Every structure is written in structure tokens, then in C-alpha cells.
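Student: Numbering (the numbering used here), first residue to last: 291 to 454. All residues carry an ideal CB built from backbone N, CA and C; glycine is no exception. Quantities reported herein were computed from a predicted structural model and do not represent experimental measurements. One structure coming up, written as C-alpha cells, with questions to follow.
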């Protein structure tokens, strides 16, 4: 019985260590929880640059981009002429917070640095294995497979040579 508890304790420590390592690898939000009102234009510009091809947020779907832009503009409007966020009226601070959370949520969902872990079956084994990769790596792998499948379909499809 003592062996079972020791084994369970060791497994628990291993899992806890994995969770700590997993949490340490998670990317930071695009807009920090706390920032100076005077820094916002630089933050917004950085986000727009990172949404371009090759950037951290390059995979944000086109359908989400207008919402991100609208919220960035709302935040900029609220912070216009403000030195510190505490100068804003309470209702405006709430609007600022909500816009910030919306932008961070949309961006982090498709963050290229975000770690995505999945359980997969390994050929020749009954034990599932956890595989972790970044969102960018996962997208690149999916695109590679899609390209391979398209190439195989193109080369294996018989050509219609009847002329009609």
C-alpha cells in the first residue's frame, strides 16, 4: 500500500512540474494588464505590425480583425489626452478594460507563440502521448499536410484525354 501512495505522490509531483513548465511557456497578453496611458499608441502600433504575415498574430482570422481594430480605436479614443488611466471616469475605465480584454482574447486565441498540447496515439503503443507545439508550428504542419494531399490528388487523378 505504501508503494502505491509513493507512486501516486511521484506522479502528482511530475504532473505539477509539467503544469508549472506549461504555464511558464504561455505567452504574455498583447496589451499588458497594466500600462501607462502614454504608452498605448506604441502598443497599438506593435499589435498592428504583429498581425502582418510572419508576425506573432499573423493567423488572426480576417473576420476578427475589424473587431480588434475597432477596440484599439476605442481604447485610443478613451486615452486621448489622458496622462494616467486613473484620470478616466469610472464608466470609461470599464469601457477601456472591456476593450482591452476583447483585443487580448482575440489575439491570444490565435497567438503564434501559444502552446497547444494534445493527446495522440503513438503507432505500436497503447499509451497515448502528449505532444505540445506552438500555434505557428501546428498551423505550419497542417498547411504542409494539406499541400501534400493536394499534390498527391493532382498527380494521382487521371487526366481526361478524350477531348470532350
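Among 333, 377, 322, 381, which residue has its Cα nearest to the Cα of residue 359?
Tutor: That would be 333, whose Cα lies nearest to the Cα of residue 359.
Student: Residue 338 to residue 446, Cα distance in whole Å?
Tutor: Distance between the alpha carbons of residue 338 and residue 446: 42 Å.
Student: With DSSP collapsed to three states, give me the class of residue 311.
Tutor: Residue confidence for residue 311 is low, a pLDDT of 45 falling below 50, so the modelled location carries little weight and cannot support an answer.
Student: Counting along the chain, where does the alpha helix (DSSP H) carrying residue 438 start and finish?
Tutor: Element bounds for residue 438: 425-446.
Student: At what residue ranges does the region 379-409 contain a whole run of the alpha helix (DSSP H), taking only runs of 4 or more?
Tutor: Here the runs fully enclosed are 380-399.
Student: For residue 441, count neighbouring C-beta atoms within 10 Å of its own C-beta (all shown protein chains included) and say buried if the count is 16 or more, exposed if not.
Tutor: Answer is exposed; the Cβ neighbour count stays below 16.
Student: Using a Cβ distance threshold of 8 Å, determine whether the region 425-432 contacts the region 401-413, with at least three qualifying pairs required.
Tutor: The answer is yes - the region 401-413 touches the region 425-432, with three or more Cβ pairs under 8 Å.
Student: Do you know offhand how far residue 398's Cα is from residue 356's?
Tutor: Cα to Cα, residue 398 sits roughly 16 Å from residue 356.
Student: Tell me which same chain residues have a C-beta within less than 7 Å of the C-beta of residue 410, skipping the five on either side of it?
Tutor: The answer, listed in chain order, is 418, 419, 421.
Student: Under three-state DSSP, which class holds residue 363?
Tutor: Of the three classes helix, strand and coil, the one that applies to residue 363 here is helix, per DSSP.
Student: Anyone know if the C-beta pair for residue 393 and residue 321 falls short of 8 Å?
Tutor: In contact: residue 393 and residue 321 (Cβ atoms closer than 8 Å).
Student: Within its chain, find whatever has a CB closer than 8 Å to the CB of residue 432; leave out the 5 residues flanking it on each side and keep chain order.
Tutor: Cβ neighbours of residue 432 beyond the five flanking positions: none.
Student: Hey, how far is the Cα of residue 323 from the Cα of residue 342?
Tutor: Each residue's alpha carbon lies about 23 Å from the other.
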